[in-house]
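What follows is a short report on a single structure.
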Amino acid sequence: MSLVVCVSIILGTWSLLRASLDMALDGVPAQIDLDQVTASLKALPGVEDLHHLHVWSLSTTETALTVHLVSEASSSGHETLLREASAMLLKRFRIGHATFQIETPGGAFPCGDASCGSAGSC
Ligand SMILES: [Zn+2]
Ligand SMILES: [Zn+2]
């Protein structure tokens with residue numbers, strides 16, 4: 164009987180350990196505060212909202228980010244927005260590998276249906 168209990172504890176612990184390991188590998192790097200990144204991106208001129216913000220480590224020194232930015236800015240303003248957003252991320256958060264998708268408000272992008280399941284503000 165105690166052997167059965169023992170085995171179930173080991174199995175339970177193992178799955179917990181696996182989950183934490185997965186989170187450690189795929190999760191937001193410890194030195195990055197996702198709320199601060201969200202606030203800083205929203206503070207950029209022209210940004211009304213954002214979603215699908217994902218941040219992860221490429222290596223111990225390189226951080227990658229993807230985000231959808233909702234902006235009224237005209238296409239010519241997008242260039243400026245991309246430049247300001249990448250410069251800010253590099254300077255404030257040392258994120259050097261950022262990818263942006265710019266969407267117009269109310270543009271029928273199907274992003275809302277996507278469930279990411281990982282750390283981020285989807
Ligand atoms: Zn997402
Ligand atoms: Zn989107």
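The sequence shown runs 164 to 285 under the numbering used here.
Glycine included, every Cβ here is placed at the ideal spot set by N, Cα and C.
With a cut-off of 8 Å on the beta carbons, I'd call residue i and residue j a contact; round off their distance for me.
{"i": "Gly-259", "j": "Glu-225", "result": "6 Å"}
{"i": "Leu-207", "j": "Glu-247", "result": "6 Å"}
Excluding the five sequence neighbours on either side, which residues of its own chain have a C-beta within less than 7 Å of the C-beta of residue i, listed in chain order?
{"i": "Ser-220", "result": "Pro-192, Thr-226"}
Measuring straight from C-alpha to C-alpha, what distance separates residue i and residue j?
{"i": "Thr-262", "j": "Leu-228", "result": "6 Å"}
{"i": "Cys-274", "j": "Ser-165", "result": "50 Å"}
{"i": "Val-200", "j": "Ser-237", "result": "24 Å"}
{"i": "Thr-176", "j": "Val-167", "result": "14 Å"}
If you compare alpha carbons, which of the options is closest to residue i?
{"i": "Ala-253", "options": "Ser-203, Ser-239, Gly-175, Phe-272", "result": "In the sequence on display, residue 253 carries Leu and not Ala. It is Ser-203."}
{"i": "Val-218", "options": "Gln-194, Leu-174, Ser-237, Ser-238", "result": "Gln-194"}
{"i": "Arg-255", "options": "Leu-197, Glu-266, Val-167", "result": "Leu-197"}
The segment 201-216 touching the segment 228-243, judged by at least three CB pairs closer than 8 Å: yes
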